[in-house]
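Everything in the sequence shown is counted per the working numbering, starting at 761 for the first residue and increasing by one.
So the structure is just underneath, and the comments pick up after that.
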Amino acid sequence: MSKAARKNTAASAPADKMQWWTEARFGMFIHWGLYALAARHEWVKQRERIPDEVYQKYFDHFDPDLYDPAAWARMAKAAGMKYVVLTTKHHEGFCLWDSRYTDYKAPNTPCGRDLLRPFVDAFRAEGLRVGFYYSLIDWHHPEFPVDRVHPMWTNDEFKRAHAGRDVRKYADYLYHQVEELMTDFGTVDVLFLDFSYPDPQGTGKGHEDWRSERLLKMIRRRQPGIIVNDRLDWPGFDFVTPEQVMVRRWPERDGRRVPWETCQTFSGSWGYHRDEATWKDERQLLALLIDTVGKGGNLLLNVGPTARGTFDARAAARLEAMGRWMHVNGRSIYGCTQPPDWVKPPEHCRATWNPATGRLYLHLFDWPLGTLYCDGLGGRIEYAQILSDASEVGVRTGPGGHWLSREQGITDETAILSLPVLKPADTVPVIEIFLKR
Ligand code: FHN
């Protein structure tokens, strides 16, 4: 297919398929594998150039005896998350499920069992949608050609010894494993394939290596309602995936806004990292969520469970804090999106908007003294309240009073909200504005 013909069709994905995802806005990413034992990033094998025979110690000692996916599901639900995406296989090549195509899988470790099926059952039981992450990259498979992301890339002897690897055989393995995942676990709502890195020098891999067109056809045949990300180096994806960044505006493709989801970590590592200190605090995490929704996107926030199968205290505390906020302020997230262009949020405010209810939400990252000036909202507000306790916020429009004069820039387009002196207890207070319909 020519590049011109390979126009992105993300924007043409049936809107109904995306509806639950668009309304959900907030999901949990989970990175879990042998790297949890190393406890120093999921790329530890590549970063430390660990050969298979040394990395085997993590396989030999993988025994998550405290694994309780029902507890994970309860924590995700309590945090306000509506869907989950779990790494069924990350770059290390280790599979959480009982794959028919490899011995490098959880049932063959001291763990002794399939970890994926109880996971799927537990999260569905809590009413969350279930997605799978599957790594296109595989540092363990004997036919995955050694390239610049492979742990042995700088080992010339290893590269010579494995120069005959056949990527077509690997592509078949990849195809059959993904088909297992699309076939054996019921409805799969999201597929996060990860990642392509084509380059003309031939040190990368892209759609030709993965045989992406064949793979995507099978995926959609097996799971007609599935939502697929954009990392196959092939068109026909359903959403784009800006990662560990905050976009400046709603991403576009071919001049049209496309569905997007940013995936983010609590700290810098996706996999459990015992000694990492860069953990975002509650306010930062809420700002991430609010800013994402205010630009029309979803937030997939990651947890890296320990090798015992638990969410560590740092992750659990942040999930609980976000859950407390979401419990009373979730209306400003679920079903919300970027407000119309005529909405000009006051300084220190980020806005979201629910087009179905016609309600606007102002998230105040600084609590002003008594008055919030909302240019562009004059005459448009029917009622306003602090969302968390539904306490009324007074609203007036236009100039009036000595310091609310035209000299102060107050016009008939200005709505003036009267706020209590004391900031509400919420880490980020929200004002719910009922716009006149
Ligand atoms: O290399 C992976 C990384 O470990 C992690 O899984 C992220 C999550 O989106 N994806 C790749 C980096 O983009």
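For each residue, glycine too, the CB sits at the ideal point set by N, CA and C.
Query                                                                                                                                                               : Result
Our contact map puts residue 906 next to residue 1060 with C-beta atoms below 8 Å; I'd like the distance itself, whole angstroms only.                              : So it is not a contact: roughly 30 Å between Cβ atoms.
Which two residues bound the contiguous beta strand (DSSP E) that contains residue 1156?                                                                            : 1154-1157
Pull the bridge partners of residue 1012 from the DSSP assignment, please.                                                                                          : 1017
Can you give me the C-alpha to C-alpha distance between residue 815 and residue 900, rounded to a whole angstrom?                                                   : 10 Å
Leaving out five residues before and five after residue 908 in sequence, what residues of the same chain have Cβ atoms less than 6 Å from its Cβ?                   : 963
Can you tell me which of the three DSSP states residue 722 falls into?                                                                                              : Given that the chain is displayed from residue 761 to residue 1197, the structure contains no residue 722 and the question cannot be resolved.
Give the secondary structure of residue 914 by DSSP, where H, G and I count as helix, E and B as strand, and everything else as coil.                               : coil
Report back the beta-carbon spacing between residue 805 and residue 911 to the nearest angstrom; my notes put them in contact at under 8 Å.                         : 5 Å
Are there any heavy atoms of the ligand FHN lying less than 7 Å away from the beta-carbon of residue 910, as far as the coordinates show?                           : no
Does the contact criterion of 3 or more C-beta pairs under 8 Å hold for the segment 820-831 versus the segment 1039-1057?                                           : no
Taking 8 Å as the limit between beta carbons, can you name the residues of its chain near residue 1111, skipping five residues before and five after?               : 1054, 1099, 1103, 1105, 1120, 1121, 1122, 1123
Quick one: is the Cβ of residue 1023 within less than 7 Å of any heavy atom of the ligand FHN?                                                                      : yes
On the three-state DSSP scale, how would you describe residue 965?                                                                                                  : coil
Note the first and the last residue of the continuous alpha helix (DSSP H) segment covering residue 1080.                                                           : 1073-1089
Scan the segment 875-949 and note each continuous alpha helix (DSSP H) run of 4 residues or more that stays entirely inside, going in chain order.                  : 876-885, 916-921, 927-943
Using beta-carbon positions only, say whether residue 948 and residue 894 come within less than 8 Å of one another.                                                 : no
Rounded to whole angstroms, what is the Cα-Cα separation between residue 998 and residue 990?                                                                       : 7 Å
Take residue 1167 and list the residues in its own chain whose beta-carbon comes closer than 6 Å to its own, dropping the five residues that flank it on each side. : none
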